[in-house]
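Protein chains in written order, with the numbering used here: chain A, 138 to 304; chain B, 138 to 304. Don't be surprised by glycine CBs; every beta carbon is placed ideally from N, CA and C. Everything numeric in this text was worked out from a predicted model, so none of it was measured. Please read the structure below before turning to the comments.
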């Protein structure tokens, strides 16, 4: 056995969760559910949710692997706070999924390919990151602000709400 | 009638879609579905989908108003590409929702309150924006890269896939 193969097998043995995310991505890609993206969520040493991109299958632009996995993990645990979980993804999450990981309060993210690897096969993660960082030349979404006073009244109602559940 | 009131009524009359987003937010907040956030999606001059935050109701950390509205609009039109739609939201979208608007290819976003207004009532949008911009002091999510070669093999399978549907 060559040293390279031994290292590769070792790496595989050390990362069963990444392997599971890769298998999930392969399944979705081969069934034409969406791009080559998979994710798993681990709680107490066990995978509690798997997800793959199913934008095409479901006609849902938000159905990225991480979003699908987070929704399933939260449903399974019966809570929106996953602060005792970790997530493995085949790719550095796009800003949508990266922010979702924050909202779910998952403290640890493991990923394989980078946002630039994703851009190289046609997925615009890098562009959206550039927009948010204020570094994109042309921005694809025009933003218009209006009616802030009416919306602030809404926010004040929240602030003063007696039975408000902060989260 | 004072000039201020006339302007305010005019503004309300001019922005029926923002008013609809506000009503949606009120409904969700008053039923304890989640925070004071609402969104509507408009196609050909008509509202085709409404959404409000239902993180608490559904135990789903991704169930923000804009995500809910986008999923409903895409399901209603039977396509993931909403490039002929516009979105109205009671608040500047968080990075998750802002990126989702990009993935849905919605070209025009109208919003009321700002990310700082959201932060002021306890929602961490501003922190997540700061993390993505590389301007946060302490980052709540630790990122670890691993297994890029195996994940690149997956991406290559996508690139070479004969029946690949690019999107």
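Quiz item: In angstroms, rounded to a whole number, what distance separates the CA positions of residue 195(B) and residue 170(B)?
Solution: On the second chain, residue 195(B) is found 58 positions in, with the first residue counted as 1. On the second chain, residue 170(B) is found 33 positions in, with the first residue counted as 1. Answer to the nearest angstrom: the Cα atoms are 8 Å apart.
Self-check item: Beta-carbon neighbours of residue 187(A), restricted to chain B and to distances below 8 Å
Solution: Position 50 of the first chain, counted from the start, is the residue given in the question as residue 187(A). The contacting residues do not exist; residue 187(A) stays about 15 Å from chain B at best.
Quiz item: Can the beta-carbon of residue 234(A) be found closer than 9 Å to that of residue 203(A)?
Solution: Position 97 of the first chain, counted from the start, is the residue given in the question as residue 234(A). Position 66 of the first chain, counted from the start, is the residue given in the question as residue 203(A). Result yes, Cβ atoms of residue 234(A) and residue 203(A) sit closer than 9 Å.
Quiz prompt | Of the residues 262(B), 190(B), 211(B) and 179(B), the one placed nearest residue 200(A), counting alpha carbons only | solution = Position 63 of the first chain holds residue 200(A). Taking only the C-alpha atoms, the option nearest residue 200(A) is 211(B).
Quiz prompt | Contacts that residue 192(B) makes with chain A (C-beta to C-beta distance below 7 Å) | solution = To locate residue 192(B), count along the second chain from 1; it is residue 55. Per Cβ cutoff of 7 Å: 217 and 304.
Practice problem: Give the range of the alpha helix (DSSP H) segment to which residue 159(A) is assigned. | Solution: To locate residue 159(A), count along the first chain from 1; it is residue 22. 153 to 167 is the extent of the alpha helix (DSSP H) around residue 159(A).
Exercise. For residue 242(A), collect the residues of the same chain with a Cβ closer than 7 Å to its Cβ; drop the 5 residues on either side in sequence, then sort them by chain order.
Key: Against the first chain, residue 242(A) aligns to sequence position 105. 218, 219 and 220.
Quiz item: For chain B, is any of its Cβ atoms less than 9 Å away from the one on residue 139(A)?
Solution: Taking the first residue of the first chain as 1, we reach residue 139(A) at position 2. With a pLDDT of 42 at residue 139(A), under the threshold of 50, the modelled position of that residue is not reliable, and the figure given next carries that caveat. Taking Cβ atoms only, chain B never reaches closer than 9 Å to residue 139(A), which makes this a no.
Quiz item: Could you give the residue range of the alpha helix (DSSP H) that holds residue 269(B)?
Solution: The residue labelled residue 269(B) in the question sits at position 132 within the second chain. That run of the alpha helix (DSSP H) goes 262 to 269.
Exercise. Identify the contact partners of residue 173(A) in chain C, using a Cβ-Cβ distance below 8 Å as the criterion.
Key: Reference to chain C is not applicable here, since the protein chains of this structure are A and B.
Practice problem: With a 10 Å radius around its C-beta and 16 neighbouring C-beta atoms as the bar for buried, classify residue 302(B) as buried or exposed. | Solution: Start at 1 with the first residue of the second chain, and residue 302(B) comes out as number 165. Residue 302(B) is exposed by the Cβ-count criterion.
Self-check item: Minimum Cβ-Cβ distance from residue 164(A) to chain B less than 9 Å
Solution: On the first chain, residue 164(A) is found 27 positions in, with the first residue counted as 1. It does not; no Cβ of chain B falls within 9 Å.
Quiz item: Roughly how many angstroms separate the alpha carbons of residue 291(A) and residue 175(B), rounded to a whole number?
Solution: The count along the first chain starts at 1 and reaches residue 291(A) at position 154. The count along the second chain starts at 1 and reaches residue 175(B) at position 38. Taking the straight line from one Cα to the other gives about 10 Å.
Quiz item: Whose C-beta lies closer than 7 Å to the C-beta of residue 262(A) among residues of the same chain, with five residues either side of it excluded?
Solution: Position 125 of the first chain, counting from 1, holds the residue named residue 262(A). Here the set comprises 231, 252, 255 and 256.
Self-check item: Ranges of the beta strand (DSSP E) found wholly within the stretch 231 to 302 of chain A, counting only runs of at least 3
Solution: 245 to 250 and 279 to 282
Exercise. Let me know the secondary structure DSSP gives residue 304(B) once reduced to three states.
Key: On the second chain, residue 304(B) is found 167 positions in, with the first residue counted as 1. Three-state DSSP puts residue 304(B) in coil, outside helix and strand.
Practice problem: With DSSP as the reference, label residue 200(A) as helix, strand or coil. | Solution: Here residue 200(A) is taken as the residue at index 63 of the first chain, counted from 1. Note: residue 200(A) maps to coil in three-state DSSP.
Quiz item: Helix or strand or just coil, what does DSSP make of residue 186(A)?
Solution: Your numbering for residue 186(A) matches position 49 in the first chain. Residue state, collapsed to three classes: strand.
Quiz item: If you check the beta carbons only, do residue 172(B) and residue 282(A) fall under 9 Å apart?
Solution: Numbered from its first residue, the second chain carries residue 172(B) at position 35. Numbered from its first residue, the first chain carries residue 282(A) at position 145. Against a cut-off of 9 Å, the Cβ pair of residue 282(A) and residue 172(B) comes out as no contact.
Quiz prompt | DSSP beta-bridge partners of residue 178(B) | solution = Within the second chain, residue 178(B) is the residue found at index 41, counting from 1. In the DSSP output, where bridge partners are listed per residue, residue 178(B) has 186(B) and 224(B).
Quiz item: What in chain A is Cβ-close to residue 259(B), meaning under 8 Å?
Solution: Mapped onto the second chain, residue 259(B) falls at position 122. Per Cβ cutoff of 8 Å: 303.
Self-check item: Residue from 295(A), 304(A) and 225(A) whose Cα sits closest to the Cα of residue 280(B)
Solution: If you number the second chain from 1, residue 280(B) lands on position 143. Nearest of 295(A), 304(A) and 225(A) to residue 280(B), Cα basis: 225(A).
Practice problem: Could you run through the stretch 265 to 278 of chain A and flag, in chain order, every residue whose CB is less than 8 Å away from some CB of chain B? | Solution: 265, 266, 268, 269, 270, 271, 277 and 278
Practice problem: Could you tell me which chain A residues have their CB closer than 7 Å to the CB of residue 198(B), listed as they occur along the chain? | Solution: As a first step, residue 198(B) is located in the second chain; it is residue number 61 there, counting from the start. Within chain A, the residues near residue 198(B) are 207, 211, 217, 237, 240 and 241.
Quiz item: What residues of chain B sit near residue 228(A), judged by a beta carbon separation below 7 Å?
Solution: Here residue 228(A) is taken as the residue at index 91 of the first chain, counted from 1. Those are 288, listed as they occur along chain B.
Exercise. Could you tell me how far apart the beta carbons of residue 258(A) and residue 236(B) are, in whole angstroms, since I believe they sit closer than 8 Å?
Key: As a working note, residue 258(A) is residue 121 in the first chain. As a working note, residue 236(B) is residue 99 in the second chain. The Cβ separation is near 18 Å, so there is no contact.
Self-check item: residue 231(A): contacting residues in chain B (beta-carbon distance under 8 Å)
Solution: To locate residue 231(A), count along the first chain from 1; it is residue 94. Ordered by position in chain B, the residues that pass the 8 Å Cβ test against residue 231(A) are 236 and 240.
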